[in-house]
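In what follows, a single structure is set out as structure tokens and then discussed.
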Amino acid sequence: MTAEKPVAYFVGRWPSPSEAFIREEIRSLLSLGHPVYICALRDAGPEGDQAARDYFKTRCRILWPPRWRTFFWAAVSWFLRKPVLLASLFWSVLWKSNATLRERMRGIVLAGLGSYAAHELEKEIEPSRLHAHFAYGNALVARVAASLLGTRYSLTMHHSDILFPEGLMECKLENADPLVTTSQFNRRAILKSWAYVDPSKLKVIYSGVDTEKFVPPAVRKNAHGPVRLLTVARMHHNKDPLTVIAAAAELKKNGLDFTWRWIGDGRVMEQCKEAVKKDRLEDNIQFLGWLSHSQIPQHYRWADIFVLGSLSEGLPFVLMEAMASGLAVISTAVTGVPELITSGKDGLLVTAGAPHALADAVAGLIAHPEERRILGLAARERVVKDFNLVTNAERLWKTFSG
Numbered sequence: 002m003t004a005e006k007p008v009a010y011f012v013g014r015w016p017s018p019s020e021a022f023i024r025e026e027i028r029s030l031l032s033l034g035h036p037v038y039i040c041a042l043r044d045a046g047p048e049g050d051q052a053a054r055d056y057f058k059t060r061c062r063i064l065w066p067p068r069w070r071t072f073f074w075a076a077v078s079w080f081l082r083k084p085v086l087l088a089s090l091f092w093s094v095l096w097k098s099n100a101t102l103r104e105r106m107r108g109i110v111l112a113g114l115g116s117y118a119a120h121e122l123e124k125e126i127e128p129s130r131l132h133a134h135f136a137y138g139n140a141l142v143a144r145v146a147a148s149l150l151g152t153r154y155s156l157t158m159h160h161s162d163i164l165f166p167e168g169l170m171e172c173k174l175e176n177a178d179p180l181v182t183t184s185q186f187n188r189r190a191i192l193k194s195w196a197y198v199d200p201s202k203l204k205v206i207y208s209g210v211d212t213e214k215f216v217p218p219a220v221r222k223n224a225h226g227p228v229r230l231l232t233v234a235r236m237h238h239n240k241d242p243l244t245v246i247a248a249a250a251e252l253k254k255n256g257l258d259f260t261w262r263w264i265g266d267g268r269v270m271e272q273c274k275e276a277v278k279k280d281r282l283e284d285n286i287q288f289l290g291w292l293s294h295s296q297i298p299q300h301y302r303w304a305d306i307f308v309l310g311s312l313s314e315g316l317p318f319v320l321m322e323a324m325a326s327g328l329a330v331i332s333t334a335v336t337g338v339p340e341l342i343t344s345g346k347d348g349l350l351v352t353a354g355a356p357h358a359l360a361d362a363v364a365g366l367i368a369h370p371e372e373r374r375i376l377g378l379a380a381r382e383r384v385v386k387d388f389n390l391v392t393n394a395e396r397l398w399k400t401f402s403g
């Protein structure tokens with residue numbers, strides 16, 4: 002039996018702390034026996050996940066900064082071998098897409114990096130396909146490299162790259178086959194934003210989580226003491242942490258006893274700390290800051306209720322993880338979230354930006370532990386069935402082979 006050729010995954014920063022889901026997807030594919038190689042534009046630096054860096058070090062290449070002599074030789078070499086193709090790729094970057102001058106100049110550098118990546122991959126692994134996660138600079142590098150290598154190119158778009166696209170999108174999207182996205186909401190948004198995308202090549206494949214890693218505890222908590230609430234989210238405006246804190250203040254005002262852990266950091270952390278102090282919630286809300294992905298499962302097992310109050314989301318991995326952990330979850334009914342949660346069946350959905358509605362939902366679950374238990378059981382069943390990492394990673398691989 003002929004061995005499979007590897008798929009080269011193109012990512013931005015490696016190993017980015019906010020993109021653990023990409024590493025988990027790659028890890029799952031490797032466990033299924035599928036060969037994957039990683040090309041990253043940059044190293045994530047000190048904030049990168051060192052355990053992941055060590056685990057993947059034999060199958061990962063950081064492209065920037067390149068070996069400059071090889072970088073220039075690669076461009077010359079490809080020009081000598083495929084002058085018309087290379088010229089057409091650079092022409093596409095310079096003139097074909099709507100982009101600012103700055104984006105075009107950056108695109109030229111990325112196209113050069115694509116020729117460098119193609120040169121290195123041709124020597125090392127002869128990939129069957131180049132696949133990019135997110136339609137950012139790494140996607141342009143992958144698209145150029147795939148064209149030069151004469152191999153297939155595909156792309157997964159998530160959410161931020163759809164709502165806030167960078168320039169040169171046509172260069173990144175036009176040859177992607179398949180073009181994958183992670184929700185029906187995203188699919189509709191892509192077709193609305195980029196009319197040239199072929200609907201037959203646009204596939205929805207849900208992401209997934211490791212349902213053997215994220216499991217319910219044998220006993221959720223003792224029968225007494227404050228109810229335990231958990232939020233895992235960056236401290237950014239789109240996560241709307243101030244609304245969550247306002248909901249917590251309402252719960253305390255109504256005499257409810259709770260402890261609320263918040264995992265994550267970001268640009269509005271100081272505002273959140275000030276809001277907690279103003280509402281005298283210091284004894285209720287604990288900011289734990291950023292934690293590595295391996296540290297988070299224990300907090301899901303600690304909690305009784307998981308809350309995510311975002312203004313915008315794709316399909317949040319933290320919600321999937323919480324649901325797989327058997328938690329009753331409350332989230333906002335935004336973008337792709339209703340594809341994950343059926344309100345009243347396997348979680349609760351509330352209006353975004355509405356602290357009173359959020360507080361009411363939390364108070365209801367605090368008052369009814371049996372409802373929490375039933376929702377948690379249904380939540381895990383939902384994720385195991387439709388958002389299982391291994392199952393959905395295998396589905397993705399089959400689209401690569403199709």
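Start counting at 1 in the sequence shown, then tack on 1, and there's your number in this note's numbering. Every residue gets a Cβ at the ideal spot worked out from N, C-alpha and C, and that includes glycine.
Endpoints, alpha helix (DSSP H) assigned at residue i
i: Ser32; result: Ala21 to Ser32
i: Val220; result: Run containing Val220: none; DSSP gives neither H nor E here.
i: Leu164; result: Ser161 to Leu164
i: Val384; result: Pro370 to Asp387
i: Ala334; result: Unbroken run through Ala334: none, as it is neither H nor E.
i: Val319; result: Phe318 to Ala325
i: Trp456; result: Past the edges of the chain, shown from 2 to 403, lies residue 456, and the structure says nothing about it.
i: Leu180; result: Taken as a continuous stretch (DSSP letters only), Leu180 belongs to no alpha helix (DSSP H), being part of the beta strand (DSSP E) at Leu180 to Thr182.
i: Leu64; result: It is not in any alpha helix (DSSP H) - Leu64 carries neither H nor E in the DSSP assignment.
i: Val391; result: Leu390 to Ser402
Residue range of the unbroken beta strand (DSSP E) whose run includes residue i
i: Trp92; result: Looking at the DSSP string, Trp92 is not in any beta strand (DSSP E); the run it does join, the alpha helix (DSSP H), is Pro84 to Trp92.
i: Ile205; result: Checking the displayed sequence, the identity of residue 205 turns out to be Val instead of Ile. Per DSSP, Val205 belongs to the beta strand (DSSP E) from Leu203 to Val205.
i: Arg153; result: Arg153 to Met158
i: Val228; result: Val228 to Val233
i: Val37; result: Val37 to Asp44
i: Leu350; result: Leu349 to Val351
i: Val210; result: It is not in any beta strand (DSSP E) - Val210 carries neither H nor E in the DSSP assignment.
i: Ile306; result: Ile306 to Leu309
Residue i in three-state terms, based on DSSP
i: His134; result: strand
i: Ser98; result: coil
i: Phe80; result: helix
i: Phe57; result: coil
i: Val8; result: strand
i: Thr343; result: coil
i: Val198; result: coil
i: Arg14; result: strand
i: Leu169; result: coil
i: Arg268; result: coil
i: Gly290; result: strand
i: Ile246; result: helix
i: Met2; result: Reliability of the predicted coordinates at Met2 is poor, the pLDDT of 49 falling under 50, and no value is obtained from them.
i: Ile367; result: helix
i: Gln299; result: helix
i: Arg144; result: helix
i: Asn255; result: coil
Cβ-Cβ distance between residue i and residue j below 7 Å
i: Ala136; j: Met158; result: yes
i: Ala119; j: Leu81; result: no
i: Pro317; j: Phe215; result: no
i: Ala75; j: Ser116; result: yes
i: Lys346; j: Ala325; result: no
i: Leu164; j: Ala394; result: no
i: Val94; j: Gly113; result: no
i: Leu192; j: Ala100; result: no
i: Gln341; j: Val330; result: Looking at the sequence shown, residue 341 is not Gln but Leu. In this structure, Val330 does not lie closer than 7 Å to Leu341 by Cβ.
i: His132; j: Tyr10; result: yes
i: Ser155; j: Pro179; result: yes
i: Ala360; j: Glu251; result: yes
Integer Cβ distance of residue i from residue j, believed to fall under 8 Å
i: Thr400; j: Lys204; result: 6 Å
i: Pro128; j: Val8; result: 6 Å
i: Tyr301; j: Leu230; result: Not confirmed; about 12 Å, so no contact.
i: Arg60; j: Val77; result: So it is not a contact: roughly 28 Å between Cβ atoms.
i: Gly365; j: Leu328; result: So it is not a contact: roughly 15 Å between Cβ atoms.
i: Arg381; j: Pro218; result: Incorrect: roughly 12 Å between the Cβ atoms, too far for contact.
Cβ-heavy atom distance, residue i to the ligand SAM, below 6 Å
i: Ser208; result: With respect to the ligand SAM, the structure offers nothing, as it holds no ligand at all.
Review point. Is there contact between the segment 345-362 and the segment 328-336, where contact requires at least three CB pairs shorter than 8 Å?
Key: yes
Review point. Taking three-plus beta-carbon pairs below 8 Å as touching, is the segment 38-55 in contact with the segment 3-23?
Key: yes
Check your understanding: Just checking, does the segment 387-397 make contact with the segment 208-220 on the three C-beta pairs under 8 Å criterion?
Key -> yes
Check your understanding: Is there contact here, the segment 254-267 with the segment 283-296, by at least three beta-carbon pairs under 8 Å?
Key -> yes
Exercise for review: Count the CB pairs spanning the segment 50-66 and the segment 87-107 that are closer than 8 Å, and state whether there are at least three.
Suggested key: no
Practice item. Decide yes or no for the touch test of the segment 267-286 against the segment 234-247: beta carbon pairs closer than 8 Å, at least 3 of them. Key: yes
Practice item. Would you be able to state if there are at least three C-beta pairs under 8 Å between the segment 302-317 and the segment 272-290? Key: no
Check your understanding: Between the segment 366-378 and the segment 174-190, are three or more C-beta pairs nearer than 8 Å?
Key -> no
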